[in-house]
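Chemist:
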Amino acid sequence: MPSARPRVLYVSDLAYPAKGRRYCDEDIFLTSRLREEFDLAVCHPLDAAALMTGFDAVVVRNSGPVLHYQAQYDAFRKQAVTEGVRVYNQLSGKGYLLDLTAAGFPVIPTIDRADDLDRLPDVDTYVVKPKLGADSIGLEFVPRDRLPELPYGNILVQPRIDFRYEVSFYFVDHTFQYALYAPRPEERWALEPYEPTERDREFAQRFVDWNDIAYGIQRVDACRAPDGELLLVELEDLNPYLSLDVLSPDARDAFVSRVKTSLRGLIGQETVRAAPGV
């Protein structure tokens, strides 16, 4: 007899060697809890497009940097949109540093064109990274005199900031869940619980409200600048690592419960298929 429970395809690269994190541990835990309410299968990101038909939703979690399989990911996105597949996180996010910089949000100034170099502050060192990078892949530090010769087009350039610490705010849909921070800048993934101020929460909420994701998990990464203000480092809205092992059991349970509610909400939505060619 067919199951009445929703069917979920959970996408993860369990073998990806992340720096300072174990993707597989987090996804083994999260899938064990989601199975309490959903019929669930796990697959590698390269298999998602071939397997997703017939599932009520596709959950993209610790699938590794898209940079490693960009063509396959683009094909997955196109197929999901064309066939009306419900993807979690939704594929409508617009979390781009260039847009946020142009809109005047409190972000680390970011450019991608040589013509915009005058928009960056005058500092000794700049951060250069691929637009589609992750896990510091391809990141390098360069002096100001090298900026005009960089291969613009697929890179982002930012001033290097001597921040006090990094802090991440985690949201399900548009609701704040918890915050973690790295008190030692040289140890990005040595995280500890962080109690945000009301101003901190308003800072993070502004970016999540700006983004076009109704159902999904988002991580707002920020740094505490020398003047005490927060600046956005990245708005992670594809497959943010959650550092669930740092949370207390009660906080973990509350987060999982909220994700289940969010996923049920996504599955209950009407799906409109895109026109051919979209």
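Residue numbers for the sequence shown follow the working numbering, so the first one is 4 and each next one is one higher. Quick reminder that beta carbons are idealized off the backbone N, C-alpha and C, glycines included.
Anyone know if the C-beta pair for N214 and R64 falls short of 8 Å?
Modeler: Their beta carbons are not under 8 Å apart, which means N214 does not touch R64 by this criterion.
Chemist: What residue does the alpha helix (DSSP H) around T264 start on, and which one ends it?
Modeler: Its alpha helix (DSSP H) spans residues 252 to 270.
Chemist: Below 7 Å CB to CB, which residues in the same chain sit around A278 once its five sequence neighbours on both sides are set aside?
Modeler: In this prediction, A278 has a pLDDT of 39, which is less than 50 and means its spatial position is unreliable; what the coordinates show is noted afterwards. Same-chain partners within the cutoff: there are none.
Chemist: Taking DSSP's pairing of strands, which residues face Q161 in a bridge?
Modeler: Partner(s): V130.
Chemist: Does L269 pass the burial test, meaning 16 or more other C-beta atoms within 10 Å, or should it be called exposed?
Modeler: Under this definition L269 is a buried residue.
Chemist: If you drop the 5 nearest sequence neighbours on each side, which residues of the same chain put their C-beta closer than 6 Å to that of A83?
Modeler: Closer than 6 Å at Cβ, skipping near neighbours: V90.
Chemist: Cβ atoms of L142 and T113: under 8 Å apart, would you say?
Modeler: It is not a contact, given that the beta carbons lie outside the stated cut-off.
Chemist: Would you mind working out which of Y129, C27, R222 sits nearest V170, comparing C-alpha positions?
Modeler: Minimum Cα distance to V170 is reached at R222.
Chemist: Should the segment 94 to 103 be regarded as contacting the segment 36 to 51, the criterion being three or more beta carbon pairs within less than 8 Å?
Modeler: As far as the Cβ criterion goes, the segment 94 to 103 does not touch the segment 36 to 51, which means the pair count is below three.
Chemist: Who are the Cβ neighbours of R167 in its own chain at under 6 Å, not counting the five residues just before and after it?
Modeler: Hits under 6 Å: R227.
Chemist: Per DSSP, Q180 is paired with what?
Modeler: Looking at the DSSP assignment, Q180 forms no beta bridge with any residue, so it has no partner.
Chemist: Have a look at the DSSP bridge pairing and note the partners of E239.
Modeler: E239 pairs with R222.
Chemist: With H, G and I counted as helix, E and B as strand and the rest as coil, what does DSSP make of I31?
Modeler: Note: I31 maps to helix in three-state DSSP.
Chemist: Can you give me the C-alpha to C-alpha distance between F258 and R267, rounded to a whole angstrom?
Modeler: Rounded to the nearest angstrom, the two C-alpha atoms are 14 Å apart.
Chemist: Assuming F174 is part of the beta strand (DSSP E), what are its boundary residues?
Modeler: 169 to 175 is the span of the beta strand (DSSP E), which, as asked, contains F174.
Chemist: Secondary structure at P109, three-state DSSP: helix, strand or coil?
Modeler: It is coil, neither helix nor strand.
Chemist: Three-state secondary structure (DSSP) at F166?
Modeler: Looking at F166 - three-state DSSP - the assignment turns out to be coil, as it is neither helix nor strand.
Chemist: Put L17 into one of helix, strand or coil per three-state DSSP.
Modeler: Of the three classes helix, strand and coil, the one that applies to L17 here is coil, per DSSP.
Chemist: Do you know how far the Cα of R261 is from the Cα of G87?
Modeler: C-alpha separation (whole angstroms): 24 Å.
Chemist: D28: which of A254, Q75, D16 sits nearest, CA to CA?
Modeler: Closest by alpha carbon: D16.
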